[in-house]
Structure formats: C-alpha cells, structure tokens
Amino acid sequence: MGTPRFAGPILEALLGRADPVVGVVCQPDRPRGRGLLTAPPAIKEIAIARGLPVLQPERL
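In this note's numbering, the protein residues as written are 113 to 172.
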C-alpha cells in the first residue's frame with residue numbers, strides 16, 4: 113500500500129524477493145497539472161507494467 117514516490121522503489125525491491133506480491137492498493141487517479149488531466153499514481157503505473165492487480169478505493 114502506498115502512493116508517495118518512495119513506494120515505487122520499495123515495490124520493485126519486494127518484486128525481487130521470493131515472496132509473491134499479490135496486488136497494490138493506492139489512491140485513486142486524480143487531476144494533475146495545468147490542464148487538470150486525470151493521471152494515475154506512479155505506483156499504479158509500476159504495478160500495471162508488472163501485471164499486478166490494482167485496487168483504488170476512494171477511502172481507506
């Protein structure tokens with residue numbers, strides 16, 4: 113679980129271990145930038161690239 117930038121390297125380290133990572137829980141996609149276009153959290157992009165399921169609840 114996590115969204116801040118440090119969560120990406122931690123997820124990568126966990127994926128390098130023998131223990132399986134079964135999914136990622138992160139914040140919902142949010143509007144960002146000047147155009148306020150919806151963008152996913154960085155951790156979601158990593159999870160999708162690795163084929164992991166992603167859960168994005170509105171509230172935890």
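Ideal placement from N, C-alpha and C gives every residue a C-beta, glycine not left out.
| Item | Value |
| --- | --- |
| C-alpha gap between V134 and I155, whole angstroms | 14 Å |
| Option nearest A161 by Cα separation, candidates P169, L123, P116 and R146 | L123 |
| 8 Å Cβ cutoff met for P121 and C138 | no |
| Exposure label - A159; buried when at least 16 CB within 10 Å | buried |
| Close-in-space but distant-in-sequence residues of the same chain around P165 (CB under 8 Å, 5 per side omitted) | V134, G135, V136 and A159 |
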